[in-house]
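> Numbering follows the UniProt record's numbering, in which position 97 of the sequence shown is assigned residue number 97; successive positions increment by one, without gaps.
Supplied in structure tokens, the structure appears directly below.
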Amino acid sequence: MSVKGVSCAKCFHVQEGEFEMGQEIQCENCQLVYPITYDEIEGYKAYHLKLIEQRAKQRRKEIEYENMGIGKKLGLKTLQVIGGTIGLLIIVSIAVFLQTHVFNGNSSNQAPTYRADGTMVGTKADAQYFSQWDGSNRELVEKVKQGMHDPSSFEHVETRFGDKGKTYRIMMTFRGKNAFNAVVTQSVTATLDKETRTITEMTPVQ
């Protein structure tokens, strides 16, 4: 009976090669001379199985990274979960910083008005581009879903916009599941062409 490898019964050192059942060999590690029995063969099989499992585990991690979804397709190197007080402070700081450039997306039938902080109140004209229910823009929502790992997990949080004449500059915050099934919160900015209703310049807010 020919075997591809054995494991020393004393030190468990693995030797690979062509061996025959009953053949006496010397361990390369502890120098023990022993005849090959089923114990040495089974020890090698256990070692080989463990090696295969380790390689399979590593490959699963590589596949999970390759399928990161929104993080990968929006050009992010990694998609990190921002948690606790530090994460909350970062999100709030970003929102405050961008407040003068992208404005509140809630629509109404009022004439254009601006609050003291520069936030824009939506008008009747804005209502054809932004939902009166949650202020989201349908085109941007669909664009983001296309890049998500699990589009069905999409949850709109907030949309702000600035009217630039022929275009809107939009910032949308949303939640969704990544490849590890964790719910993460992320924001993107984009430009919406009013005439063609196409989304361009979509960029993640880091």
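By construction, the Cβ of each residue, glycine as well, lies at the ideal position given by its N, Cα and C atoms.
Nothing here was measured: the structure is a model prediction, and the numbers come from that model.
Quick check on the burial criterion: 16 or more other C-beta atoms within 10 angstroms. Buried or exposed for S107?
Low per-residue confidence applies at S107: pLDDT is 39, beneath 50, and the placement is therefore not dependable, though the value from the model is reported in the following sentence. Under this definition S107 is a buried residue.
> Please state whether the Cβ-Cβ distance between Y168 and K145 is less than 8 Å.
no
> Rounding to the nearest angstrom, what Cα-Cα distance links F161 and I63 in this structure?
37 Å
> Can you give me the start and stop residues for the beta strand (DSSP E) that E20 sits inside?
Where E20 is concerned, the enclosing beta strand (DSSP E) stretches over V14 to E20.
> In the structure shown, what three-state DSSP assignment does L32 receive?
coil
> Taking the alpha carbon of I91 as the point to measure from, which residue in E201, L192 and Q186 has its own alpha carbon closest?
Measuring from the Cα of I91, the nearest candidate turns out to be Q186.
> Which partner residues does V3 have in the DSSP bridge list?
F19
> Is F180 buried or exposed, if buried means 16 or more other CB atoms sit within 10 Å of its CB?
Burial is judged here by how many other beta carbons sit within 10 angstroms of a residue's own beta carbon; F180 has fewer than 16 and is exposed.
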